[in-house]
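Asker: Input: one structure, supplied below.
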Amino acid sequence: MDWNFALRIMSSGLSAVFITLFLLYLVMKAVEKIFSKLEAPAAPPELEAGEVVVDMKEIAAITGAIYAYLEGKEKTPSSSALDRR
Amino acid sequence: MFGVFETGFEVLTLGQIIMLLIGLLLIGLAIKKEMEPLILLPIGFGVIIANLPLTGLTEEGGLLQLIYNYGLAWNFIPPLIFLGLGALTDFSPLLANPKTILLGAAAQVGIYVAFFGALLLGFSFGEAASIGIIGGADGPTTIYVTSTLSPHILGATAVAAYSYMSLVPIIQPPIMRALTTERERKIVMKSLRPVRKTERIVYPLVATVIIILLVPHSAPLIGMLMFGNLLRESGVVKRLAETAQNELMNILTIFLGIAVGASMSAQVFLTPRTILIFAWGIVAFAASTAGGVLFAKLMNLVCKEKVNPLIGAAGVSAVPMSARVVQKVGQKADPDNYLLMHAMGPNVAGVVGSAIAAGIFLGMIG
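Residue numbers (this note's numbering), protein chains in the order written: chain A, 1 to 85; chain B, 1001 to 1366.
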């Protein structure tokens, strides 16, 4: 029995299985990254001169302040949101 | 007996009678215990008709000899079964958690443990490789390697492989429990991300090229497996995918079973070596299970995201039985823990891993 050959089969066999599947693992990770980048949401477009950005949270705050004024909860529409405007 | 022609009763040997009983036992296990019935039933019947005397079925030009020659000696059927397996396999759990592919590699350890053990017992290189590959828990791979390297022990290795595959729920749990703590068995894994269709299409193509370039002798098995998977994932050849999954697979299984049964003649099968093959087969299986579980524990030492070590046991392939066993053992520790899909990753990786191991044996010994 050629024991050297037997040990060579065992060591190269097991390492080949690991190396092949590890390489496949790296490729799968790379493919996953590539596709997640390709399908990532687009960045917001750059603003041009004269364009206005509307902040819906701020509009809600202003609307709330006006309602409070109209309902008499505040004497003047002087909430911090309106002040800032 | 009738004075004109000879009957089988006059020449029936004790060995043949024992083989007839073994054939009946296999059929009984398939029907009563539902142990891998799709393959054990044709094997059992093949054993019976191959061991009836004066039929000429296994002689030159006989029906069983033709099926055996074209199907197995030419190594035609096992790779085509891989085509069907590929069409049935969903690689998404593996793609969603790619690191589990390494568990499929670790669970091939048993192949080499049994290979070395068989050499110590005096088996030749080809026989030892055929016995070792039983640890891959993949019937067609075992048959493919054995019919190339040591066709005279085909019956024993094939029956051992399929029997142990059906005994996965009995063989694996004690090993899994012995190698893990209650706390480890309770580890809950993060739910898997959805996998894009493009990724599922790219995977069989990339895997084919990488694996076959590295291990060229795995080409018949890996090539067919990935082709079958591409048929499935492409979504444009539904008819072909369905044929590969059903009709083709069923026809091949019939021929595979009967051809394996035909190879089990009394003079070849009834030897003390058959018992050793069965014994080392179970060692291979147990060592593969242990290899997968221990490697998962090792991964937990280095990886940020913990894996439940039980899923390592599914790396032996035996799809999907071993993944189901993982789910069952995991739920005994924590009924709210669902490990099935996590175990499917190493499970399908095990199929690929054992095909690679087979390719290496064929490249070095064949």
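Here a beta-carbon is modelled for each residue, glycine too, at the ideal position from N, C-alpha and C.
Consult DSSP for Asn1377/B and reduce its assignment to one of helix, strand or coil.
Answerer: Given a span of 1001 to 1366 for chain B in the structure shown, any question on residue 1377/B remains unanswerable.
Asker: Just checking: is the beta-carbon of Ile1210/B within a distance shorter than 8 angstroms of some beta-carbon in chain A?
Answerer: yes
Asker: How would you label Arg85/A, buried or exposed, when you count the other beta carbons within 10 angstroms and need 16 or more for buried?
Answerer: Reliability fails at Arg85/A, whose pLDDT of 48 lies under 50, so the model's placement of it is uncertain and the value that follows must be treated cautiously. So Arg85/A ends up on the exposed side.
Asker: Taking 8 angstroms as the limit between beta carbons, can you name the residues of its chain near Glu1059/B, skipping five residues before and five after?
Answerer: Within the same chain, and ignoring the five residues on either side of Glu1059/B in sequence, the residues whose Cβ sits closer than 8 angstroms to its Cβ are Gln1065.
Asker: Is the CB-CB distance between Ala1178/B and Val1283/B below 8 angstroms?
Answerer: no
Asker: Would a check of beta-carbon distances place Thr1198/B closer than 8 angstroms to chain A?
Answerer: Thr1198/B counts as touching chain A.
Asker: Just verifying my parser: in three-state terms, what is the DSSP assignment at Gly1359/B?
Answerer: Residue state, collapsed to three classes: helix.
Asker: Which word fits Arg1183/B, buried or exposed, when buried means at least 16 other C-beta atoms lie within 10 angstroms of its C-beta?
Answerer: exposed
Asker: Buried or exposed for Gln1327/B, going by 16 or more other Cβ atoms inside 10 Å?
Answerer: buried
Asker: For Ile1027/B, collect the residues of the same chain with a Cβ closer than 7 angstroms to its Cβ; drop the 5 residues on either side in sequence, then sort them by chain order.
Answerer: Leu1041, Gly1044, Phe1045
Asker: Closer than 7 angstroms by beta-carbon distance: list the chain A residues that pair up with Ala1105/B, in chain order.
Answerer: For Ala1105/B, the C-beta contacts it makes with chain A under 7 angstroms involve Val17, Phe18, Leu21, in order along the chain.
Asker: Could you tell me the alpha carbon to alpha carbon distance between Gly1155/B and Ser1147/B, rounded to whole angstroms?
Answerer: 10 angstroms
Asker: By the 10 Å Cβ neighbour count, where 16 or more other Cβ atoms means buried, how is Gly72/A classified, buried or exposed?
Answerer: In summary, Gly72/A is exposed, with fewer than 16 beta-carbon neighbours lying within 10 Å of its beta-carbon over all protein chains present.
Asker: Kindly indicate which residue of Ile1277/B, Glu1127/B, Ser1092/B, Asn1069/B has the alpha-carbon position closest to the one of Ile1365/B.
Answerer: Glu1127/B
Asker: Would you please verify whether the beta carbon of Gly1350/B is less than 8 angstroms from any beta carbon of chain A?
Answerer: no
Asker: Around the C-beta of Asp55/A, are 16 or more other C-beta atoms found within 10 angstroms, so that it is buried, or is it exposed?
Answerer: exposed
Asker: Closest to Ala1313/B by CA distance: which of Cys1303/B, Gly1139/B, Gly1291/B is it?
Answerer: Looking at the Cα atoms, Gly1291/B is the closest of the given residues.
Asker: For the alpha helix (DSSP H) holding Thr1055/B, just list the boundary residues, first then last.
Answerer: Looking at the DSSP string, Thr1055/B is not in any alpha helix (DSSP H), and its letter there is neither H nor E.
Asker: Under 8 angstroms, with one C-beta from each stretch per pair, do the region 1114 to 1123 of chain B and the region 1094 to 1104 of chain B reach the 3-pair mark?
Answerer: The region 1114 to 1123 of chain B vs the region 1094 to 1104 of chain B: no contact.
Asker: Less than 8 angstroms separating the beta-carbons of Val1307/B and Met1226/B?
Answerer: no
Asker: Within its chain, find whatever has a CB closer than 8 angstroms to the CB of Asn1075/B; leave out the 5 residues flanking it on each side and keep chain order.
Answerer: Here the set comprises Tyr1144, Ser1147, Thr1148, Pro1220.
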